[in-house]
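Enquirer: In my numbering, the protein residues as written are 453 to 673.
In this text, a Cβ means the ideal position worked out from N, Cα and C, and glycines have one as well.
Attaching a single structure in structure tokens format; questions to follow.
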């Protein structure tokens, strides 16, 4: 791995663990056992690192939020798809921990983050609309924007909530988020017999491997 990539990987890990505000460029250099000057050679300060990380996050999210996917997700697929989104968001957890601080210190990064959230909200709306049109989701027209907003909030804010006096590891946080989404959707969703039991077992075991559908996940890294 190139030094520039190691710096990004290490910075991301430290930001997620301690929060961006608590990590300095020197901390990143020390963690990598390189000189601050070497780090500065690749990235002219922490702001450049943050900008690069959010650019990577945006590209990853826009790939998984492609518009052509929404109409191909069935009721059986939807929770696996949401888990894919959860994984992408959790990988860059620090960007969603303190949005106000991010906006003040990194206005451009905050703008990009908002673009990602807007794309996420639009995709959720499209998925729900497609499920409703197929008869898999019972939902009044006026309820769609509210449910979309609720699911977006759960996806982007549940990790922050889990930090309040909880001791969940990363995997448990991701499956907790998925459980909250299930509680919001299941009363309205028509699932084939046996699928609900498989979902519950998958969450209990922290494994959704048996639910994966490749029709719309082909090409996903």
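#1: Using a Cβ-Cβ cutoff of less than 6 Å, which residues in the same chain neighbour residue 513 once the five nearest sequence positions on both sides are dropped?
#2: Hey, would you say the C-beta of residue 470 is under 7 Å away from at least one heavy atom of the ligand ATP?
#3: At what residues does the alpha helix (DSSP H) containing residue 582 begin and finish?
#4: Quick check: what's the CA-CA separation for residue 609 versus residue 505?
#5: Would you mind listing the alpha helix (DSSP H) stretches within the region 477-544 that are 4+ residues and don't spill past its ends, in chain order?
#6: Classify residue 641 as helix, strand or coil using the three-state DSSP reduction.
#7: Tell me the rounded alpha-carbon separation between residue 518 and residue 596.
#8: Using the Cα positions of residue 470 and residue 507, report the straight-line distance between them to the nearest angstrom.
#9: Using beta-carbon positions only, say whether residue 651 and residue 635 come within less than 8 Å of one another.
#10: Starting from residue 589, trace the alpha helix (DSSP H) in both directions and tell me its first and last residue.
#11: Please classify residue 453: does DSSP put it in a helix, a strand, or coil?
#12: What does the alpha-carbon distance come out to for the pair residue 477 and residue 498?
#13: Between residue 579 and residue 649, is the Cβ-Cβ spacing less than 8 Å?
#14: Between residue 404 and residue 483, what straight-line distance do the alpha-carbon atoms span, to the nearest angstrom?
#15: Within its chain, find whatever has a CB closer than 6 Å to the CB of residue 534; leave out the 5 residues flanking it on each side and keep chain order.
#16: If the criterion is Cβ atoms closer than 8 Å, does the pair residue 542 and residue 625 meet it?
#17: Would you call the region 545-554 in contact with the region 456-476, where contact means no fewer than 3 C-beta pairs closer than 8 Å?
#18: DSSP state of residue 550, grouped into three classes?
Expert: Answer, in terms of the structure:
#1: 540 and 568
#2: Although the ligand ATP was asked about, the structure shown includes no ligands whatsoever.
#3: Start and end: 559-585.
#4: 19 Å
#5: The qualifying runs are 477-484, 488-494, 498-516, 519-522 and 530-543.
#6: strand
#7: Inter-residue distance for residue 518 and residue 596 is about 20 Å (C-alpha atoms, whole angstroms).
#8: 21 Å
#9: Not closer than 8 Å, so no.
#10: Counting along the chain, residue 589 falls outside any alpha helix (DSSP H), and DSSP gives it neither H nor E.
#11: coil
#12: 6 Å
#13: no
#14: The structure shown has nothing for residue 404, since the chain only spans 453 to 673.
#15: 633
#16: yes
#17: Under the Cβ criterion (8 Å, minimum of three pairs), the region 545-554 counts as touching the region 456-476.
#18: coil
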